[in-house]
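Enquirer: Heads up, the sequence shown is in numbering that gives the first Met the number 0, so the first residue is 0 and it goes up one at a time. This is the structure, below, for whatever I ask next.
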Amino acid sequence: MSKEKVFILALETSCDETSASVVVDGREILSNVISSQVPVHRKFGGVVPEIASRKHIENVIPVVDKALSIAGVTLQEVTAVGVTYGPGLVGALLVGIAAAKALAFAVQKPLIGVNHLEGHIFANFLAYRELEPPFLALVVSGGHTSLVHVKEYNQFQLLGQTRDDAAGEAFDKVARVMGLPYPGGPQIDKLALLGNPTAIHFPRALSTPGSHEFSFSGLKSAVLNHLNHAAQHKEEANHADVAASFQAAVVEVLVAKTLEAAQECCVDKIVVSGGVAANSCLQSTLSQQAVNAGYSVYFPPPVLCTDNAAMIASRAYYKYLSGFTADLHLNAVPGLKLQ
Ligand code: KG4
Ligand code: ZN
């Protein structure tokens, strides 16, 4: 007898994307609707939490309706409802959680709370159907820079994370002082293609072997000092060289620490995820060095790198299989850690 398919409807509202998705058996995306608030927040140079919450309220039900309709699945046909409950902006998270509770309650289906970071890692299961743990995961986004040993579907060990700014946050802040629009990561990525990555030597913090922690705030300050120094001397800083040299410093540290951690965990696969995983320099440098060292490397396609509900649905599926469901007391946990 064939196994009954599991349809997960998932919601993601932890930051500035309102997203809903239907995924079958944790791997097959039927729909992945993403309503981005980027244009709304751009004029403020970053995400304004109160505005994000209000926009999620406006968007969440239309986005869910669209995800169900594209998937050709009714709410009654959904097996379980997954939702991000942290980490993220508290008001933004609460909108998704309230909607997911109401939907699950209406059709008497299980509710599953998902850690956003775990979701980012699981984006790779959607892109690579043959991928299975164990592997080392590098999660690099606007809010996180973490190295995680994924031992099994429900077993994670956080090896290290950033002490201050996340990598994406550093990209966004450097871009902002260079007058580039939010989010700055893709802008720096493009501008860096025109510059020389060895033109300016920016610091590589905590680069002594053995440390799995990151720090990007000193690098960000060094870039600001370089730009201020040029302005004070009435010189024109070469923004393409600044972008390329800054990006090279970030990528060098990310790649070195990832390879070292992979070796320590005795895995043969490296999985990258989060918005910064879309960075072209990180993709080419890590792919080249990791493949030379004998690792297989996985990057999700850009739409699954940045925030989306399909990755939350994939994670929810594996929690569902293990019986990790939530009840209607599920609350937002803005500082949620990996289990
Ligand atoms: O994962 P994500 O959508 O949201 C968080 O959970 O934080 O990541 C957004 C971050 C932003 O900081 C953005 O600038 C960065 O990912 N990003 C990039 C690139 N594309 C997005 N950073 C560097 N290069 C890129 N191509
Ligand atoms: Zn994210």
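The beta carbon of each residue, even a glycine, is placed where N, CA and C say it ideally should be. Predicted model, so just to flag it, every value in this text is computed and none were measured.
#1: Would you say the beta carbon of Phe298 comes nearer than 7 Å to a heavy atom of the ligand KG4?
#2: Can His40 be considered in contact with the ligand ZN, in the sense that its beta carbon sits closer than 7 Å to one or more heavy atoms?
#3: So is His119 buried or exposed if we call it buried at 16+ other beta carbons inside 10 Å?
#4: With a threshold of 7 Å on Cβ separation, who are the neighbours of Pro38 within its own chain once the five nearest residues in sequence on each side are excluded?
#5: Using only CA atoms, which one of Val332, Ala309 and Gly334 lies nearest to Gly81?
#6: Answer yes or no: do Ala70 and Ser34 have a C-beta to C-beta separation smaller than 8 Å?
#7: Taking a cut-off of 5 Å, which residues have a beta-carbon closer than that to any heavy atom of the ligand ZN, in chain order?
#8: If you measure from the CB of Asp164, is any heavy atom of the ligand KG4 nearer than 7 Å?
#9: In whole angstroms, what is the alpha-carbon distance linking His225 and Ala198?
#10: Quick check: the Cα distance between Lys4 and His143, rounded to an integer number of angstroms?
#11: With DSSP run on the structure shown, which of helix, strand or coil describes Thr257?
#12: Let me know the beta strand (DSSP E) ranges lying completely inside the region 276 to 329, each 3 residues or longer, listed in chain order.
#13: What are the boundary residues of the beta strand (DSSP E) that Leu146 is part of?
#14: Name the DSSP beta bridge partners of Phe215, please?
#15: Under 7 Å from any heavy atom of the ligand KG4, does the C-beta of Phe213 make it?
#16: Is the beta carbon of Val37 within less than 7 Å of some heavy atom of the ligand KG4?
#17: For Glu27, which residues in the same chain have their Cβ closer than 6 Å to its Cβ, ignoring the five residues on either side in sequence?
#18: Report yes if the C-beta distance between Pro299 and Ala126 is below 8 Å; otherwise report no.
#19: Taking only heavy atoms of the ligand KG4 into account, decide whether any of them is closer than 7 Å to the Cβ of Gly142.
#20: Would you say the region 187 to 197 touches the region 230 to 242, given that touching needs at least three Cβ pairs under 8 Å?
#21: Relative to the C-alpha of Ala248, which candidate in Ala191, Val296 and Ser20 has its C-alpha closest?
#22: With distances taken from CA atoms, which of Ala312, Val21, Asp15 and Leu67 is nearest Ile56?
#23: Which residues in the same chain have their Cβ closer than 6 Å to the Cβ of Ala242, if we skip the five residues on either side of it in sequence?
Expert: Per the coordinate set shown:
#1: no
#2: no
#3: With a 10 Å radius around the Cβ and a threshold of 16 neighbouring Cβ atoms, His119 comes out buried.
#4: none
#5: Ala309
#6: no
#7: Ser140 and Asp306
#8: Asp164: no, Cβ never under 7 Å from the ligand KG4.
#9: 12 Å
#10: 33 Å
#11: DSSP places Thr257 within a helical segment (H, G or I) once states are collapsed to three.
#12: 295 to 297
#13: Thr144 to Glu151
#14: Answer is none; Phe215 lacks a bridge partner.
#15: no
#16: False, no ligand heavy atom lies under 7 Å from that Cβ.
#17: none
#18: yes
#19: yes
#20: With contact defined as three or more Cβ pairs closer than 8 Å, the region 187 to 197 and the region 230 to 242 are in contact.
#21: Ala191
#22: Asp15
#23: Ile187, Leu190, Ala191 and Gly194
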